[in-house]
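Residue numbers (the working numbering): 1 to 145. Even glycine gets a Cβ: it sits at the ideal position worked out from N, Cα and C. Since we're looking at a predicted model, the values are computed, not measured.
In structure tokens, the structure reads:
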């Protein structure tokens, strides 16, 4: 990540009752939705909302999603979700997530999504040449190895 960019604060999310299962914890499927909400939050805070990106003709489909559950999240509990772009080459991208309890910082889950870029005709596209603004938003915040 470029040193001159301010960090993007984690996405804050309070668990809703309808997201719980019979055991009174958040159903596992909701974490994948929370990852999507976190990506939308990231783009908003990076100054290029997803709705604007789509208007410019770029979409970012999900190739795969995974989640590893560590500690249960319960109704009305607030979590913070951190996002890191761990791989980006202008054509494909990998994003890692860490879900932590806001109150005590315990790790609730970790996850990863993989994506690629397409234009409005759903054709794969390398964003560096055709969509430099998209390239800059992701490349500038990619985690250094």
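Check: Could you check what DSSP says for residue 11 in three-state terms: helix, strand or coil?; Outcome: strand
Check: I think residue 19 touches residue 30, with their Cβ atoms under 8 Å apart; what is that distance to the nearest whole Å?; Outcome: 5 Å
Check: Which residue from 89, 9, 105 puts its Cα closest to that of residue 117?; Outcome: 89
Check: Could you check if residue 38 is buried or exposed, using at least 16 other CB atoms within 10 Å of its CB as the buried criterion?; Outcome: buried
Check: Would a C-beta distance cut-off of 7 Å place residue 143 and residue 86 closer than the cut-off?; Outcome: yes
Check: With burial defined as no fewer than 16 other Cβ atoms inside 10 Å of the residue's Cβ, what is the status of residue 63: buried or exposed?; Outcome: exposed
Check: Could you check the C-alpha separation between residue 14 and residue 77 for me, to the nearest Å?; Outcome: 6 Å
Check: Work out the CA separation of residue 108 and residue 70 for me, nearest whole Å.; Outcome: 5 Å
Check: Take the Cβ of residue 10 as the centre, count every other Cβ of all protein chains shown within 10 Å, and call the residue buried at 16 or more, exposed below.; Outcome: buried
Check: Could you tell me which residues DSSP puts in a beta bridge with residue 149?; Outcome: Nothing in the structure corresponds to residue 149, since the chain is present only between 1 and 145.
Check: Would the segment 123–141 and the segment 40–49 be scored as touching if the rule is three or more Cβ pairs under 8 Å?; Outcome: yes
Check: Please classify residue 60 as buried or exposed, where buried requires at least 16 other C-beta atoms within 10 Å of its C-beta.; Outcome: buried
Check: Any chance the segment 90–101 sits against the segment 122–133, with 3 or more Cβ pairs inside 8 Å?; Outcome: yes
Check: For residue 72, tell me which candidate among 114, 5, 6, 99 has the shortest Cα-Cα distance.; Outcome: 99
Check: Kindly list the residues whose CB is nearer than 6 Å to the CB of residue 16, restricted to its own chain and excluding five residues on each side of it in sequence; keep chain order.; Outcome: none
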